[in-house]
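Enquirer: Note that this note's numbering gives residue 924 to position 158 of the sequence shown, counting from 1, and the numbers run on in steps of one.
For glycine and all other residues, C-beta sits at the position ideal for the given N, C-alpha and C.
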Amino acid sequence: MSEQSTSATGPSTSGSPTRDSGPAAASGGERTSALASDHGSTTIADQVVAKIAGIATRNVQGVYAVGGGAARAFGAIREYIPGTGSDTTSGVHVEVGERQAAVDLDLVADYGVSIADLAQAVRRSVITSIERMTGLEVTEVNIDVNDVHLPGDDTDSSSDRRAQRERASGEGDDEEGGGRVR
767 MSEQSTSATG PSTSGSPTRD SGPAAASGGE RTSALASDHG STTIADQVVA
817 KIAGIATRNV QGVYAVGGGA ARAFGAIREY IPGTGSDTTS GVHVEVGERQ
867 AAVDLDLVAD YGVSIADLAQ AVRRSVITSI ERMTGLEVTE VNIDVNDVHL
917 PGDDTDSSSD RRAQRERASG EGDDEEGGGR VR
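1) Residues bridged to Ser803 by DSSP?
2) Tell me which residues share the same chain as Thr855 and place their Cβ nearer than 7 angstroms to its Cβ, disregarding the 5 neighbours each side in the sequence.
3) Check each candidate in Ser891, Gly863, Ala868 and name the one with the smallest Cα separation from Ile810.
4) Of the residues Val858, Gly834, Val904, Tyr830, which one's Cα is nearest the Cα of Arg1009?
5) Within 10 angstroms of its Cβ, does Ser895 collect 16 or more other Cβ (buried), or is it exposed?
6) Extract the residue ranges of the alpha helix (DSSP H) inside the segment 881-922, only unbroken runs of 4 or more that lie entirely within it.
7) Nearest-angstrom Cα distance between Val911 and Met899?
8) In whole angstroms, give me the CA-to-CA distance for Tyr877 and Asp853.
9) Could you check if Gly967 is buried or exposed, using at least 16 other CB atoms within 10 Å of its CB as the buried criterion?
10) Which stretch, first to last residue, makes up the alpha helix (DSSP H) that contains Asp812?
11) Bridge partners of Gln866, per DSSP?
12) So what does Val879 bridge to, in DSSP terms?
13) Please work out which residues of its chain come closer than 8 angstroms, Cβ to Cβ, to Ile893, disregarding the five sequence neighbours upstream and downstream, and give them in chain order.
14) Using the beta-carbon count (16 or more within 10 Å), is Glu937 buried or exposed?
15) What residue from Asn825, Leu801, Val829 has the CA that sits closest to Leu916's CA?
16) Secondary structure at Asp853, three-state DSSP: helix, strand or coil?
17) Taking only the alpha-carbon atoms, compute the straight-line gap between Glu870 and Ile909 and give it to the nearest angstrom.
18) Would Gly833 be called buried (16 or more neighbouring beta carbons within 10 Å of its own) or exposed?
19) Using only alpha-carbon positions, find the residue among Asp913, Gly901, Val826, Asp919 that is nearest to Ala802.
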């Protein structure tokens with residue numbers, strides 16, 4: 767995946783992340799973009815869409831972690847390096863076109879949850895978040911469940927996991943202890 771920004775201007779329809787022609791192309795109709803107007807255009811970087819997708823995924827009940835084994839191990843080490851924090855894009859790959867985005871996710875499910883229901887909830891969360899925040903149409907969300915977390919596999923407590931999710935979503939108090947202004 768590239769780290770480049772994509773622009774919503776111009777008549778070109780190339781750069782679409784979808785793997786098929788889609789309903790707009792089949793009907794011959796031109797989709798209007800919320801990112802371009804008579805007053806200018808808005809450019810959204812791939813990294814922005816990846817962060818939105820990562821946070822939306824982590825907030826779904828039943829998702830233990832996002833990313834493969836190596837990405838999770840690197841992320842655990844990264845949290846202890848001052849100034850780096852957690853990586854909200856670990857396990858998230860996006861393709862962003864002029865008006866559309868496609869998302870690929872690697873995740874670990876909690877043991878006991880229905881993986882089919884979990885995948886549906888993750889897709890709904892990711893699509894809703896990206897479309898609401900960016901105006902891009904999400905054409906697909908591909909999910910690779912690469913592991914199941916068993917209770918007792920590690921020493922994470924539920925409060926540790928809750929704190930990790932709050933850090934990923936930017937909620938909670940800041941490091942100075944002063945709390946966020948609302």
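Expert: For this structure:
1) Gly806
2) Gln813, Ala816, Lys817, Gly820
3) Gly863
4) Here the chain comprises residues numbered 767 to 948, so residue 1009 is not present and cannot be evaluated.
5) buried
6) 881-900
7) 26 angstroms
8) 24 angstroms
9) Not covered by the structure: residue 967. The range shown for the chain is 767 to 948.
10) 812-824
11) Glu903
12) Answer is none; Val879 lacks a bridge partner.
13) Val904, Val907
14) Note on Glu937: pLDDT 49, under 50, position unreliable in the model; the coordinate value appears next. With fewer than 16 other Cβ atoms within 10 Å, it is exposed.
15) Sorting Asn825, Leu801, Val829 by C-alpha distance to the C-alpha of Leu916 places Val829 at the top.
16) coil
17) Reading off the sequence shown, one finds Asp at residue 870, where the question assumed Glu. The alpha-carbon atoms of Asp870 and Ile909 are separated by roughly 6 angstroms.
18) buried
19) Gly901
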